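Chemist: Numbering (the working numbering), first residue to last: 60 to 258. The C-beta atom is built at its ideal place from N, Cα and C for all residues, glycine as well. Here the structure is a predicted model, which is why all the values come from computation and not from measurement. Structure incoming, see below.
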Amino acid sequence: MRIRLKWFPLTSVLALAIIGAACDPAPIDQGAGGSGGDGVSSSGTGGSGGATGGSGGATGGSGGGGGGSCDPMNLPAEGSPCSTEGEFCSPGCEDPCSFCNVMQCSNGKWTHLEVFPAQCLSCEDVCVPVVAAQCTGGPPDQMACVQGCNQQQMACKIAFNQMLACIGPSPTFTCDAMSRPTVTGCEMQFDKLYACIMP
60 MRIRLKWFPL
70 TSVLALAIIG
80 AACDPAPIDQ
90 GAGGSGGDGV
100 SSSGTGGSGG
110 ATGGSGGATG
120 GSGGGGGGSC
130 DPMNLPAEGS
140 PCSTEGEFCS
150 PGCEDPCSFC
160 NVMQCSNGKW
170 THLEVFPAQC
180 LSCEDVCVPV
190 VAAQCTGGPP
200 DQMACVQGCN
210 QQQMACKIAF
220 NQMLACIGPS
230 PTFTCDAMSR
240 PTVTGCEMQF
250 DKLYACIMP
């Protein structure tokens, strides 16, 4: 069974709860293997003519191991057993502009969840409101903005895409204290991006 989820803005508490859990899965307590049950020994009844009694019953087999654990770099197969109900397992899902595969422990089995990307603008689209803000610390024109945007997205992909996911499809840019483009409510993402671009 496949369940589809959608990304919410990073400023949403609900989205943080999902990503945090999808990107930082809690360790699973492996179920301890049950000890084998003792076999019931039955004494054979004496046969006629003085035959000896039969041998006792066999001992019980060992118990099965606990449910499958989460390996973020090698996700468990869908339908395989798990032991911590509600646990998420994912490779991190740090890039909100990309699809991400997540497994969730549901009813004792790993279930596949498909997380859809956020609405992330292209460099051509995001540069229109960036240039319109006319920040002296920002790009002077559309061409320079698109060129710089493409370079930054390659060099600082995660920080850049987290910024794009935060600002949404219709951002309004202003200038920060250093006259750099920013969007109200996404200051943390812009600080992280600028720290990556200009360390």
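1) For L223 and Q206, I'd like the C-alpha separation in whole angstroms.
2) Please state whether the Cβ-Cβ distance between T243 and F249 is less than 7 Å.
3) Going by DSSP, what residues sit across from C148 in a beta bridge?
4) Given a cut-off of 7 Å, decide if C194 and C234 are closer than it, judged by their beta-carbon atoms.
5) Verify whether the separation of the beta carbon atoms of A203 and F232 is less than 7 Å.
6) Expressed to the nearest angstrom, what Euclidean distance is found between the alpha-carbon atoms of M247 and C152?
7) Between C225 and S142, what straight-line distance do the alpha-carbon atoms span, to the nearest angstrom?
8) From P188 to K251, what distance separates their C-alpha atoms?
9) What did DSSP end up calling Y253 once you bin it into helix, strand or coil?
10) Could you spell out where the alpha helix (DSSP H) holding C141 opens and where it closes?
11) Would DSSP call C215 helix, strand or coil?
Modeler: To lay it out plainly:
1) L223 and Q206 have their C-alpha atoms spaced approximately 16 Å apart.
2) no
3) Looking at the DSSP assignment, C148 forms a beta bridge with M162.
4) yes
5) Taking 7 Å as the cut-off, the Cβ atoms of A203 and F232 do not count as close.
6) 19 Å
7) 35 Å
8) 20 Å
9) helix
10) Annotation for C141: no alpha helix (DSSP H) segment contains it, and DSSP assigns it neither H nor E.
11) coil
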